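*Asks:* Using the working numbering, read the sequence shown as starting at 65 and increasing by one per residue.
For glycine and all other residues, C-beta sits at the position ideal for the given N, C-alpha and C.
All of these numbers come straight from a predicted model, not from anything done at the bench.
Handing you this structure, nothing more for now.
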Amino acid sequence: MTKSLNLSLLLLALCMASAQALAAESSAPWSADIDQVRQAAAMIPGPRPLRVNVIKFAESRRPKNFAVKGLPAEPSVQARTAYQIVYADGTVMVDTGMDPATHRFFGRGVEEPYFPDQAARVAHALRSARAILVTHEHGDHIAGLMRSESFNELAPKAVLTHLQLQTLQNEPQIPELRPSPEMAARLRLIDYSDTMAFAPGMALIKAPGHTPGSQMIYVALQSGKELLLAGDVAWHMDGVRLNTGKDAPWIKEPPELMAAELNWLNGLFRSEKNLSIVISHDEEQRREYIAQGILGDGFE
Ligand SMILES: [Zn+2]
Numbered sequence: 065m066t067k068s069l070n071l072s073l074l075l076l077a078l079c080m081a082s083a084q085a086l087a088a089e090s091s092a093p094w095s096a097d098i099d100q101v102r103q104a105a106a107m108i109p110g111p112r113p114l115r116v117n118v119i120k121f122a123e124s125r126r127p128k129n130f131a132v133k134g135l136p137a138e139p140s141v142q143a144r145t146a147y148q149i150v151y152a153d154g155t156v157m158v159d160t161g162m163d164p165a166t167h168r169f170f171g172r173g174v175e176e177p178y179f180p181d182q183a184a185r186v187a188h189a190l191r192s193a194r195a196i197l198v199t200h201e202h203g204d205h206i207a208g209l210m211r212s213e214s215f216n217e218l219a220p221k222a223v224l225t226h227l228q229l230q231t232l233q234n235e236p237q238i239p240e241l242r243p244s245p246e247m248a249a250r251l252r253l254i255d256y257s258d259t260m261a262f263a264p265g266m267a268l269i270k271a272p273g274h275t276p277g278s279q280m281i282y283v284a285l286q287s288g289k290e291l292l293l294a295g296d297v298a299w300h301m302d303g304v305r306l307n308t309g310k311d312a313p314w315i316k317e318p319p320e321l322m323a324a325e326l327n328w329l330n331g332l333f334r335s336e337k338n339l340s341i342v343i344s345h346d347e348e349q350r351r352e353y354i355a356q357g358i359l360g361d362g363f364e
C-alpha cells in the first residue's frame, strides 16, 4: 500500500495525460472531457482513495446574489473549507485553511466567524499528509501553507503549479502570500496542459479563470463514487444548477473562461449522476453531502 502512493508521487512528473488535441480542435475558450479525466485518474496503479473529508474552519457572510447573479440579495453564509483525501496508507490534502490574520483581511473590517479548533485540525492534517494540493492561489485556500510556521516542513510535499507560484510571486491576492525566493525554491512545482494523473483515482484538471492557477480535482473512490472538487469556479451549487455566474465584479475573472467552465459543470450535473460536484464555499451543500455520506465530517 505504501509503495503505491510512493509510486504515484514518483510518477507525478511522468504521467501527464493531455487532452490538448480536443481543446485545440475546438474554438471553445476552455473545454474538458470527463472520460479523459477518468482515464487520467486510472493511469497510476494502486488502490484508490477510501473517502474525502471536509472541514469548515471559517465562514463569510455575503448576499446570495454575489455567488449567483440574479438571485435575491438575501444574507447567506459561505463556508471556508479544506479537504482531506484518505487512502488506506496516507492522505492528500486539498486546500490548506488560513490563519486568523488572513481571515480578518477577508472580513474587510467585519467580524466573521473563525473556528480555531477546526483551523488547528487543518494545520495538523497538513503536517500528517503525504501531499498537499490547492484548488487555487487565493488566501482562503493557500494561506495555511504560505503563512504556516511549518512552511519549511510542508513545502517539499506541497505540489503547486507554475501558474499558481507565478501568481503568488507577481500578483498575490494580498502581499502576505508572496513567497521569498528561498520559500519558492522549497516548493514542488508541476506543469501540465489540460489533465494530469496525480495519484491512484486522482486527476487534476486545469481550469484557469477564477485565478490563473485554478484547477479542479477529480477523485474516484474505491466504492466507485466520484467527486469533483471544483474550487471557486462557482461559489454556490445554485450557480452550477442554473448555469449562472457570480455577481462579484471585484474578482477579475475572464468571463468566457468562467462561462465555459460553469457550462461544463452544469452538463456534468445534469448527466453524471454518480459524480458529486463539490463547491468549496457552499455551506448548504457541505451539510447535505455530510448527511448523505458523500463527504466525511472532519479530518482523521
Ligand atoms: Zn475561495
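Are the Cβ atoms of I238 and F169 separated by less than 8 Å?
*Replies:* yes
*Asks:* Determine, using beta carbons only, whether A146 and T160 come nearer to each other than 8 Å.
*Replies:* The criterion of a C-beta distance shorter than 8 Å is satisfied by A146 and T160.
*Asks:* Report all residues for which the CB-ligand distance to some heavy atom of ligand 1 is below 6 Å; order them along the chain.
*Replies:* H202, D204, H205, D296, S344, H345
*Asks:* Suppose you measure from the CA of T308 to the CA of V283; what does that come to, to the nearest Å?
*Replies:* 25 Å
*Asks:* Unbroken beta strand (DSSP E) runs of length 3 or more, entirely within the segment 146–234: which are they?
*Replies:* 154–158, 195–197, 223–225
*Asks:* Do you know how far the Cα of K270 is from the Cα of F257?
*Replies:* Here the sequence assigns Ser to residue 257, which means Phe is not the residue at that position. Those two C-alpha atoms are separated by around 7 Å.
*Asks:* In whole angstroms, what separates the C-alpha of P94 from that of A184?
*Replies:* Inspection of the sequence shows that residue 94 is occupied by Trp rather than by Pro. Separation of W94 and A184 (C-alpha to C-alpha, rounded to the nearest whole angstrom) is 37 Å.
*Asks:* What does DSSP give as the partner residues of V342 in its beta bridges?
*Replies:* DSSP lists L293 as the beta-bridge partner residues of V342.
*Asks:* Pick helix, strand or coil for F333, following the three-state DSSP scheme.
*Replies:* helix
*Asks:* Between L224 and V198, which are expected to be in contact by the criterion C-beta below 8 Å, what is the C-beta distance as a whole number of angstroms?
*Replies:* 7 Å
*Asks:* From this set, E348, S214, G357, G303, which residue's C-alpha is nearest K133's C-alpha?
*Replies:* The shortest Cα separation from K133 among E348, S214, G357, G303 belongs to G303.
*Asks:* Quick one: measure Cβ to Cβ for P264 and I108, integer angstroms, because I've assumed they're closer than 8 Å.
*Replies:* 5 Å
*Asks:* Does the Cβ of R126 lie closer than 7 Å to at least one heavy atom of ligand 3?
*Replies:* Ligand 3 is not part of the structure shown, which contains ligand 1 as its ligands.
*Asks:* Nearest to A312 by alpha carbon, out of L306, E325, V297?
*Replies:* Closest in C-alpha terms to A312, from the list L306, E325, V297, comes V297.
*Asks:* Express the C-alpha separation of A92 and A195 in angstroms, rounding to a whole number.
*Replies:* The alpha-carbon atoms of A195 and A92 are separated by roughly 33 Å.
*Asks:* Considering F130, what are the terminal residues of the alpha helix (DSSP H) in which it resides?
*Replies:* 128–131
*Asks:* Between K310, K316, G110, which lies nearest to H345 when the distance is taken from Cα to Cα?
*Replies:* K310
*Asks:* Name, in chain order, the residues that DSSP records as bridge partners for L253.
*Replies:* According to DSSP, residue pairing for L253 in a beta bridge involves L224.
*Asks:* Please state if the CB of G203 and the CB of L232 are separated by a distance shorter than 8 Å.
*Replies:* no
*Asks:* Between which two residues does the beta strand (DSSP E) containing I281 stretch?
*Replies:* Counting along the chain, the beta strand (DSSP E) containing I281 begins and ends at 279–284.
*Asks:* Closest to F179 by CA distance: which of D163, L292, E138 is it?
*Replies:* D163
*Asks:* Report the option in W299, L293, L268 whose CA atom is closest to the CA atom of S140.
*Replies:* W299
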